[in-house]
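Per my numbering, the sequence shown starts with residue 34, numbered consecutively.
Heads up: the structure comes next, in structure tokens.
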Amino acid sequence: MVVFKERLEMIREIWEQDSSKPLAFCSTCLIKRPIRSKHCAICDRCIRGFDHHCPWIANCVGESNHLFFVIYIFTVAFSTLLVMMATVYYWRDSCGGLSYRNIAFCNPWVTYVFILCSFFFISTGSILVLQIYQILYGMTTNERLNAHRYTHFHEDGNLSKSNIRSPFSDRCPSFC
């Protein structure tokens with residue numbers, strides 16, 4: 034009962050604030066949301082520094098685990114690249130060369146593993162490149178996809194791809 038009264042008082046304080054500022058309040062959790070946080074409908078909680086909800090890890094990626102997510106994606110991409118290299122060496126050494134005929138008929142399972150790893154390398158590599166790009170810009174996936182909703186990303190009040198900049202970071206070099 035005490036927690037409910039505290040939340041009710043906080044709601045009252047938030048509503049009495051300056052109405053020109055956007056409310057940083059989660060109506061589901063009944064808490065004041067920190068900046069850059071978002072309520073995840075899948076996890077049913079507010080996530081500080083929300084990037085996205087990842088179905089691969091069955092969890093939200095946010096401020097507390099973003100680094101670990103990037104390391105995980107790098108590890109998956111690098112591991113699949115190593116397996117792809119191992120299959121090429123196998124084809125070269127055990128199948129009599131790298132011709133299409135030798136590759137196709139030597140060991141179909143190795144070919145299957147190579148195709149599967151190629152798919153995973155392309156997908157995880159793309160996610161890794163995108164995450165590094167967003168880190169350089171100081172943006173999250175949520176902010177990049179919904180930049181039109183966040184006025185603090187627009188320079189001079191105009192919305193266009195060329196003038197969306199993160200006010201939270203100057204980490205991106207001039208070539209970004």
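We treat Cβ as the ideally placed atom computed from N, Cα and C, and that holds for glycine.
Rounded straight-line distance, which links the Cα of residue j to that of residue i
i           : j           : result
residue 107 : residue 38  : 46 angstroms
residue 59  : residue 167 : 25 angstroms
residue 131 : residue 158 : 25 angstroms
residue 116 : residue 178 : 33 angstroms
residue 88  : residue 153 : 15 angstroms
residue 135 : residue 156 : 28 angstroms
residue 42  : residue 169 : 39 angstroms
residue 53  : residue 161 : A caution first: residue 53 carries a pLDDT of 48, below 50, which makes its placement in the model unreliable, though a value can still be read off. Residue 53 and residue 161: Cα-Cα distance of roughly 38 angstroms.
residue 70  : residue 80  : 5 angstroms
residue 78  : residue 147 : 39 angstroms
residue 105 : residue 133 : 33 angstroms
residue 66  : residue 165 : 26 angstroms
residue 94  : residue 112 : 22 angstroms
residue 73  : residue 109 : 25 angstroms
Of the residues the options, the one placed nearest residue i, counting alpha carbons only
i           : options             : result
residue 76  : 67, 68 and 91       : 91
residue 150 : 104, 96, 118 and 93 : 118
residue 144 : 104, 125 and 61     : 125
residue 98  : 110, 84 and 111     : 84
residue 163 : 96, 103, 133 and 66 : 103
residue 121 : 110, 137 and 109    : 137
residue 123 : 176, 165 and 142    : 142
residue 176 : 68, 64, 62 and 61   : 68
residue 86  : 62, 173 and 129     : 173
DSSP state of residue i mapped onto helix, strand, coil
i           : result
residue 58  : strand
residue 247 : In the structure displayed, the chain extends from 34 to 209; residue 247 sits before or after that span and is not available.
residue 92  : strand
Range of the contiguous beta strand (DSSP E) that encloses residue i
i           : result
residue 80  : 78-80
residue 179 : That residue, residue 179, is in no beta strand (DSSP E); it is neither H nor E in DSSP.
Residue interval of the alpha helix (DSSP H) (run including residue i)
i           : result
residue 99  : 99-127
residue 169 : 141-170
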